[in-house]
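A.B. asks:
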Amino acid sequence: SAVISQKPSRDICQRGTSLTIQCQVDSQVTMMFWYRQQPGQSLTLIATANQGSEATYESGFVIDKFPISRPNLTFSTLTVSNMSPEDSSIYLCSVEAFDRGSGEQYFGPGTRLTVT
Amino acid sequence: DAKTTQPNSMESNEEEPVHLPCNHSTISGTDYIHWYRQLPSQGPEYVIHGLTSNVNNRMASLAIAEDRKSSTLILHRATLRDAAVYYCILGDKIIFGKGTRLHILP
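Chains as they are written, first to last, in our numbering: chain A, 8 to 123; chain B, 277 to 382.
1. Can you tell me whether Asp71/A is buried or exposed, with buried defined as 16 or more other CB within 10 angstroms of its CB?
2. Hey, could you find the ends of the beta strand (DSSP E) Val361/B is sitting in?
3. Looking at the unbroken beta strand (DSSP E) that takes in Glu287/B, where does it start and where does it end?
4. List the residues of chain B that Pro116/A touches, going by C-beta distances under 8 Å, in chain order.
5. Between Gln45/A and chain B, is the shortest Cβ-Cβ distance under 8 Å, so that the two count as touching?
6. Quick check on Gly305/B - is its C-beta less than 8 Å from some C-beta in chain A?
7. So which of Asn79/A, Trp41/A, Gln13/A and Gln45/A has the shortest CA-CA distance to Leu52/A?
8. To be precise: take each residue of the stretch 39 to 67 of chain A, compare its Cβ to all Cβ atoms of chain B, and keep it if any distance is under 7 Å. Which residues remain?
9. Lys374/B versus chain A: which residues are under 8 Å apart at the beta carbon?
10. Can you tell me whether DSSP reads Pro382/B as helix, strand or coil?
11. Go through its chain and collect everything with a Cβ distance to Glu292/B's Cβ below 8 Å, but skip five positions before and after it.
12. State yes or no: is the beta carbon of Ile370/B nearer than 8 Å to at least one beta carbon in chain A?
13. Which residues in the same chain as Tyr362/B place their Cβ atom closer than 7 Å to its Cβ, once the five residues preceding and following it in sequence are excluded?
14. Is any beta-carbon of chain B found at less than 8 Å from that of Tyr98/A?
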């Protein structure tokens with residue numbers, strides 16, 4: 008398994024500003040994922056981030072709004088840009104387990120974002 | 277992407293077995309079947325996965341139909357801590373549907 012930490016754990020931001028969320032893993036992993044969970048909803052995959060290449064975004068998510076960095080095999084950031092109240096969600100990062108291709112993933116504790 | 281169908285919610289008594297069904301009639305031959313769960317106020321937690329054969333681990337068992345068009349997650353002895361939303365997911369990209377909300381009655 009992998010131990011994943013996220014910073015900040017929560018934040019309250021004003022509309023129009025940006026927030027960068029950090030995800031740190033205690034071991035080297037190839038693939039990292041970013042998800043969003045809006046209040047009362049299931050999780051939605053935002054993008055997949057591989058080290059050394061641009062992130063791959065899911066339908067409905069664009070790089071200008073959610074830029075992602077993946078500078079090394081243990082770290083990634085997700086920025087939520089030009090925030091609006093609709094961006095209020097829990098943002099989670101996850102990593103694929105060692106048994107690559109099986110889809111076994113471990114999730115961080117999440118960052119609870121409130122936009123006012 | 278292959279689609280899964282799960283009941284919206286289920287109830288079970290504490291200390292009894294729970295069988296959580298999942299239908300996936302359009303599954304492809306290479307799709308893994310994954311189960312995750314999300315306890316209240318926590319991130320999702322991997323439970324189990326399988327391809328063709330039944331699988332057991334510390335948390336649960338996964339029974340896969342011979343034609344692979346359905347599967348069942350089995351919690352052998354439910355505790356109050358097992359109350360969560362359980363997600364059945366196909367393929368190698370973990371995309372969450374609505375899942376089944378499992379209530380455990382004391």
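Glycine included, every Cβ here is placed at the ideal spot set by N, Cα and C.
C.D. replies: Short version:
1. exposed
2. Ala360 to Leu366
3. Ser285 to Asn289
4. Gln318 and Gly319
5. no
6. no
7. Trp41/A
8. Ser49, Leu50 and Leu52
9. Ser49
10. coil
11. Arg353 and Ala354
12. yes
13. Leu296, Trp311, Arg313, Leu349, Gly375, Thr376 and Leu378
14. no
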